[in-house]
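Here the structure is laid out as structure tokens; the discussion comes afterwards.
Numbering (the numbering used here), first residue to last: 147 to 177.
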């Protein structure tokens, strides 16, 4: 049960983490 919950949590957090990482990289390129 805990593994399934962490798996769904990872699926929910992955796009948020990638979007934050993409915004961070774009800000670094702008500087």
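Don't be surprised by glycine CBs; every beta carbon is placed ideally from N, CA and C.
Between the CA atoms of residue j and residue i - distance to the nearest angstrom
i           : j           : result
residue 151 : residue 162 : 17 Å
residue 164 : residue 148 : 24 Å
residue 155 : residue 166 : 17 Å
residue 159 : residue 169 : 15 Å
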